[in-house]
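Everything below concerns the one structure shown next.
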Amino acid sequence: MRERAETFLKREIAVLTAGILSLISCFFASPGERLLHYWNPRFLMLLFCYLLTTQGMKECNAGERGLLRLLCGAKSLRGVQLRLLLLSFLLSMFLANELVLLLIFPLTIQVFSHSPNTKVLLIHTLVLLTLSVSLGGMLLPFGNMQNLYLYTQYGYSLPRLFRIMLPFSAFGFLLLLLLALCFRRKERAPGFEPAPGYGVVKWQDFRFYLLLFLLTIAASLPLLPDRWILPPLLLIAAAVLLRDRRMLLRLDYSVLVLFFFLSLLGGNLEAIGSIGSFVTEKIWGHETLYSVLLSQLLGNVPTAVLLSRFTTNGRNLIVGCNLGGMGLFWASMTGLQSIRLYARLQYGDLRRYLLHYAAISLELLAAMLFLALFTGNL
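Just add 169 to wherever you are in the sequence shown, counting from 1, and you've got the numbering used here.
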């Protein structure tokens, strides 16, 4: 029982902290009638449908099989690594970054366990893959949760968000490719065999969830007012639950609960006049810099929710929260998931992994900040 409690506390520390802080803030702000305006129902419903459909696709076992086939054509470990980087970058544009890591990491470990320099090479590759996932998720609102939130909060269109983040995403991915080519690896790629746990692909279920996933993406487009968006999303959720009611039990609600508490905390802080005016005046015109710095302390998802209450400059806040996901591993949910997955390895060196991640990620963040300064976003 004690071990379960400790595991729960470690896994959900962000949610528990946000919950405690939001409840404390209620004693100072007393939200009253304003309470219902703290939450964005369109965003919460989009997030719920997105989590439902992606969880359904994940359980169909189609992703692992598809990735395995794409890797089979690579003749060397370098070719495998480059393919993994490109695949992780592209997949993270549409799928939750944490889900992409769950697909990519087991394959990467399976492949690079055959290399004579397994530990060093595996660490380097997994770190690059984690950052590649973060960079791909910058371009569209579906990969990074802070992007989905800011995209709906400021009412941006997909092309506008894509144009804002394209220079940073492309520049960062180019740097990752250069880092991947730094290591000489001409070893032949091993044969690829599906792991025993992959299971049988449920193609009929996969097509069903894929269709609902595409409908969820269509519903996220800012073409209709909110009152016309919620009914289709409710129908999507109902369709999933009619097909598999137990999906509700398997869904990870921590992200939804986290956004619930953060929205409450942000609304209460805004309602406290002295705090609201101070923060608004302090960050105005410097949203990128402050969101990057705050992300290194709180993470980019809490930063996005909290700072969006105090500025109308959505462009710089989007840039800052995305760049803020680089740097320290707790700055993004992707980094945290990467550490959790690597920590499960029996032969892993967690200390070396943390140091290598910090070194490459901080270098990438510095390069991104220089680009932001050069492009007038800092």
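Heads up, the beta-carbon is just placed ideally off N, CA and C, and yes, glycines get one too.
These numbers come from a predicted model, not from an experiment.
Among the residues of its own chain, which have a CB less than 8 Å from the CB of residue i, if the five just before and after it don't count?
i    : result
C351 : none
L390 : S326 and L327
L330 : L308, L309, P310, N316, Y320 and I487
F429 : W208 and L213
L346 : L251 and L254
F258 : S301, V302, L304, G305 and F342
Rounded to whole angstroms, what's the CA-CA distance from residue i to residue j? Just pull it up for me.
i    : j    : result
V470 : Q515 : 31 Å
I405 : F217 : 10 Å
E267 : S501 : 10 Å
M416 : A536 : 42 Å
H525 : L438 : 37 Å
P401 : F212 : 14 Å
T277 : L467 : 30 Å
E456 : L411 : 44 Å
S303 : K288 : 23 Å
L463 : L540 : 19 Å
W499 : G305 : 18 Å
T373 : R238 : A small correction: the amino acid at residue 373 is Gln; Thr does not occupy that position in the sequence shown. So the two alpha carbons sit approximately 20 Å from each other.
T580 : W453 : In this structure the chain extends from 170 to 547, so residue 580 is not present and cannot be described.
L256 : L271 : 13 Å
R484 : T544 : 13 Å
A187 : L246 : 43 Å
P210 : V280 : 43 Å
N546 : S460 : 12 Å
L185 : C195 : 16 Å
A265 : L476 : 22 Å
R252 : L291 : 15 Å
A407 : T385 : 13 Å
I273 : R419 : 21 Å
L519 : K371 : 36 Å
N230 : L236 : 11 Å
L403 : L215 : 10 Å
V409 : P336 : 37 Å
T119 : A512 : The question about residue 119 has no answer, for the chain in this structure spans 170 to 547.
H293 : L523 : 11 Å
L399 : D421 : 21 Å
A388 : G324 : 13 Å
N313 : Y219 : 12 Å
L458 : D413 : 45 Å
T299 : L542 : 25 Å
L192 : S443 : 19 Å
R478 : G489 : 15 Å
R332 : P275 : 33 Å
Considering just the uninterrupted stretch of the alpha helix (DSSP H) at residue i, what are its terminal residues?
i    : result
Q250 : L246 to L260
N437 : S423 to A440
L514 : Careful: L514 lies outside any alpha helix (DSSP H) and carries neither H nor E.
P310 : Unbroken run through P310: none, as it is neither H nor E.
K227 : P210 to K227
M416 : M416 to R419
R484 : G483 to L492
G188 : I182 to A198
S326 : From DSSP, S326 is part of no alpha helix (DSSP H); its letter is neither H nor E.
N548 : Here the chain covers residues 170 to 547 and nothing more, so residue 548 does not appear.
S464 : E456 to L467
A387 : W372 to S389
N266 : N266 to F281
Please work out which residues of its chain come closer than 6 Å, Cβ to Cβ, to residue i, disregarding the five sequence neighbours upstream and downstream, and give them in chain order.
i    : result
F311 : F263
Y207 : S432, L433 and G436
L260 : V269
M307 : M334, S338 and N491
L190 : L434
L531 : G496
L134 : Outside the modelled stretch of the chain, which goes from 170 to 547, sits residue 134, for which no answer is possible.
G517 : Y511
If you drop the 5 nearest sequence neighbours on each side, which residues of the same chain put their C-beta closer than 7 Å to that of residue i?
i    : result
I441 : F197 and A198
V296 : H525, Y526 and I529
F382 : T222, T223 and M226
E228 : none
V426 : V184
R521 : I292
Q465 : G493, G496, L497 and A500
Whether or not the segment 216-226 and the segment 377-385 are in contact is what I'm after, with contact meaning three or more pairs of Cβ atoms, one per stretch, closer than 8 Å; do they touch? Touching, yes.
Three or more beta-carbon pairs under 8 Å between the segment 490-510 and the segment 465-479, yes or no? Contact between the segment 490-510 and the segment 465-479 is present, because at least three Cβ pairs lie under 8 Å.
Taking three-plus beta-carbon pairs below 8 Å as touching, is the segment 341-348 in contact with the segment 314-326? Taking 8 Å as the limit for Cβ pairs, the verdict is that the segment 314-326 does not touch the segment 341-348.
At least 3 beta-carbon pairs within less than 8 Å: the segment 503-511 vs the segment 449-457: Because the criterion of three Cβ pairs below 8 Å is not met, the segment 503-511 and the segment 449-457 do not touch.
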